[in-house]
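Notes to accompany the following structure.
There are 2 protein chains.
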Amino acid sequence: MDVDARKLRILQAIVEDYILSNTPVGSRTLSKTSGLGVSSATIRNEMADLTEMGYLIQPHVSAGRVPSAKAYRLYVTQLLPQGMHEEELTGARRAFTSRVRDMESLLTQGTATISDLTHYTALVLTPRQSDLTVRSLHLVPVGKERALLVIVTDSGVIRDTSIRVSSRLDAQALYTIGQMLTQRMRGLTLREVREMLYGYAASSDADARVLSGIADLAAQVEKQTGSDRVMVGGAHNILYYPEYADVSRARAFMDALERRDSLIAMLRQGEDQLSVRIGAETGIPEFSDCSVITAPYRIGRGHTGVIGIIGPTRMPYARMLDMMRMFSQELTAALSVKE
Amino acid sequence: MDVDARKLRILQAIVEDYILSNTPVGSRTLSKTSGLGVSSATIRNEMADLTEMGYLIQPHVSAGRVPSAKAYRLYVTQLLPQGMHEEELTGARRAFTSRVRDMESLLTQGTATISDLTHYTALVLTPRQSDLTVRSLHLVPVGKERALLVIVTDSGVIRDTSIRVSSRLDAQALYTIGQMLTQRMRGLTLREVREMLYGYAASSDADARVLSGIADLAAQVEKQTGSDRVMVGGAHNILYYPEYADVSRARAFMDALERRDSLIAMLRQGEDQLSVRIGAETGIPEFSDCSVITAPYRIGRGHTGVIGIIGPTRMPYARMLDMMRMFSQELTAALSVKE
DNA sequence: TGTTAGCACTCGCACGCATTGAGTGCTAAC
DNA sequence: GTTAGCACTCAATGCGTGCGAGTGCTAACA
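Chains A and B are the protein sequences, given in the same order. 28 is the number of the first residue of the first sequence in this note's numbering; add one for each residue after it. 28 is the number of the first residue of the second sequence in this note's numbering; add one for each residue after it.
Listed below in structure tokens is the structure:
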């Protein structure tokens, strides 16, 4: 048995009805509202076939049908209707770019903005940093024994953290050290910088020992570059979906969001392109009733981060894909403008 | 009718029982478990009095009693038992200080840490910054037309944001400008700095015009100093309390958390000392079934921020007060160490 | 051969009703 | 002032029932 054109149309109608109503779709209402021009009995026959093929699920005998993950997959792959109207998308674009315009605002405002605009839970994964290359390093005095380390990389991203330094060093000395470090490390990746710093700390190199906190410095670079960070925002949005009227489900969802390592793994998988993962495709059991849409963004040469949204599988895919594509483009544009 | 010693003891027993069980407390179980040595009938009489006085509420005739906000207020003011055991508190202290050790980690980890340790929703309000005084300013080149502005204040806090600058300025020029700005502005408050910068932008002062983005600079300072920021974390914790088994209540709670200005106003009110606000005392209608415990933290001379937790009025006050007091002390110690 | 009308059947859901039991207020005795 | 006893209240629970949306099947029709 294959999925012919009529079956596709019926499936599409069921999916779209269900996305709007969240109630099982019956043959009678479908034959009336879908404009397919066939009777409910015919639709019943087709629905029986689609159920047998695994595209539809009957919650119980006397209820209508609910799309399965397989149905959503087919829908997203083959049946997507046109998405958002241009003017609507433009409005969203404006809202997005006014709040997110650089790396800093992405980190502080990114998840909030995306979740506000989509009404789903938003995810932002920071780019891998260990293979960014260094353009310059600076040390800024901020206290008796503390300095701010600013690392400028080729993608314009600044990693800044406060480190300990010898109290003998004044502003001028720190400036000079910064210039020296820049000279030595320009063009190296952050990973190489880290290793070089550890080397300095171990050796007794006269130049290097000027920094009493050199190991500290290396450790900070390590911390900043070692692992990706993922941010989550708008988790409360799921409380608006009837799928989560039961608090225990909402709890399970939110607990899963706290397990950052599996989130990171999931987001990294969608690193290269706009992607939709439905139910079990997410690879996270708690999200088996959810779909995740992710989109990459690029900063500089090939360093990519990922943004994503997550919500019930019953999701207006076309609209959301349009949105995420747009966010991704805007982000990439905003972040690579910087020389 | 006054609240004599026995009434107090009964009230205390009811509050503590209810905090643990979240079920209306009946006279029979109370006479058995509380060790007061009086019969249930006697307790019933006292309970009737306490109800009349407004300390207890009957959900319905044949249910037990539930403490009113007035009862919690009396409990917190007069009846607090000893709080946490020393070793338990020490464990929490260690967990806290290992994650929150400076302003930066407070901003990134503060709410997560506090909510993890208390299992309530955590709030962190940043200190008012407009009357911090400036110690030095620095400009660090981070791209063709961008520089990082670092402002070091007397409380060691660094405000850094990226601003536009003229492309003609190299690292050395920016360094010199930073020194010049430091010389002129050292000792001024951030508010005065902001005004001075606006003044420069308006005038045609030759020195000032070197910075093509001087208005940008002032605007950034304004943005950073003008308004306090409040961070919220661990909001999902409330889903574990049966008071929020109904999703619509959880939703109302979380929506109220999004209205940052009223949150800020609420937190600012508890700026000067450890405080408990119960129900309507919070001043926020959505939190009429919640209690808020806030504690100030100080950075440098008299600049205070506030941390807080919020949860159902049925809260183990003694423990939570101990915790918040400890957080407040540790934070103040950690943030004022810096010269 | 595909489509449709008809019909018996299923089963979740809402409703009404009785039962249960925790807890109360009141009274009378101690 | 305290306590035992007792009638009373009322939310919660469980059970039976009717309703209705929706199905699968069959037979007739184009």
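Ideal Cβ positions, reconstructed from N, Cα and C, are used throughout, including at glycine. These numbers come from a predicted model, not from an experiment.
Minimum Cβ-Cβ distance from residue i to chain A less than 8 Å
| i | result |
| --- | --- |
| Ile71/B | The sequence given here places Arg at residue 71/B; Ile does not occur at that position. Chain A, which has no Cβ nearer than 8 Å to the Cβ of Arg71/B, makes this no. |
| Arg126/B | no |
| Met281/B | yes |
| Lys365/B | Because the pLDDT of Lys365/B is 49, which lies under 50, any placement of that residue in the model is unreliable, and the number read from its coordinates should be weighed accordingly. Yes, Lys365/B counts as interfacial toward chain A. |
| Ala277/B | yes |
| Leu175/B | yes |
| Tyr147/B | no |
| Val167/B | yes |
| Thr359/B | no |
| Asp316/B | no |
| Asp129/B | yes |
| Val220/B | no |
Assigned exposure category for residue i - 16 Cβ within 10 Å defines buried
| i | result |
| --- | --- |
| Arg162/B | buried |
| Asn264/B | buried |
| Ile204/B | buried |
| Gly226/B | exposed |
| His165/A | buried |
| Ser95/B | buried |
| Leu176/B | buried |
| Gln109/B | exposed |
| Met28/B | exposed |
| Gln105/A | exposed |
| His112/A | exposed |
| Val192/B | buried |
| Val169/A | buried |
| Asp299/B | exposed |
| His330/A | buried |
Whether residue i touches residue j by CB criterion (8 Å)
| i | j | result |
| --- | --- | --- |
| Leu150/A | Gly306/A | no |
| Arg121/B | Met353/B | no |
| Leu348/B | Val303/B | yes |
| Pro154/A | Ile291/A | no |
| Val167/A | Val257/B | no |
| Ala361/B | Arg126/B | no |
| Ile37/B | Ile70/B | yes |
| Ala152/A | Asp255/A | Reading the sequence as shown, one finds Leu at residue 152/A and not Ala. The answer is yes: Cβ separation under 8 Å. |
| Thr138/B | Gly260/B | yes |
| Ser58/B | Ser67/B | yes |
| Leu301/B | Ala322/B | yes |
| Pro312/A | Tyr268/A | no |
| Tyr202/A | Tyr202/B | yes |
| Ala174/A | Ile190/A | yes |
| Thr180/A | Thr160/A | yes |
| Leu294/A | Leu133/A | no |
| Ala277/B | Leu284/B | no |
Rounded distance between the beta-carbons of residue j and residue i, thought under 8 Å
| i | j | result |
| --- | --- | --- |
| Met74/A | Leu63/A | With a Cβ gap of about 12 Å, Met74/A and Leu63/A do not count as contacting. |
| Tyr324/A | Gly332/A | 5 Å |
| Arg218/B | Asp288/B | The Cβ separation is near 20 Å, so there is no contact. |
| Arg100/A | Pro51/A | Going by Cβ atoms, the distance from Arg100/A to Pro51/A rounds to 19 Å, so no, they are not a contact pair. |
| Gly215/A | Met223/A | The identity of residue 215/A in the sequence shown is Leu, whereas the question assumes Gly. Indeed, because the Cβ distance is near 7 Å, the residues count as touching under 8 Å. |
| Val274/B | Tyr271/A | 7 Å |
| Tyr102/B | Val42/B | 5 Å |
| Leu144/B | Met351/B | Actually they do not touch by this definition, with Cβ atoms about 10 Å apart. |
Contact with chain B by residue i, beta-carbon distance below 8 Å
| i | result |
| --- | --- |
| Ser132/A | no |
| Leu266/A | yes |
| Thr193/A | For the record, residue 193/A in the displayed sequence is Ser; it is not Thr. Not closer than 8 Å to any Cβ of chain B, the Cβ of Ser193/A fails to qualify, so no. |
| His263/A | yes |
| Ala272/A | yes |
| Ser189/A | yes |
| Val161/A | no |
| Val151/A | no |
Host beta strand (DSSP E) of residue i (start-end)
| i | result |
| --- | --- |
| Ala272/A | Ala272/A -> no beta strand (DSSP E), and no H or E assigned at all. |
| Met258/B | 257-260 |
| Thr153/B | Thr153/B -> no beta strand (DSSP E), and no H or E assigned at all. |
| Gly332/A | 330-339 |
| Thr180/B | 173-180 |
| Thr321/A | 317-326 |
Start and end residues, alpha helix (DSSP H) containing residue i
| i | result |
| --- | --- |
| Tyr102/A | Per DSSP, Tyr102/A belongs to no alpha helix (DSSP H) and is neither H nor E. |
| Arg33/B | 32-48 |
| Ile291/A | 287-296 |
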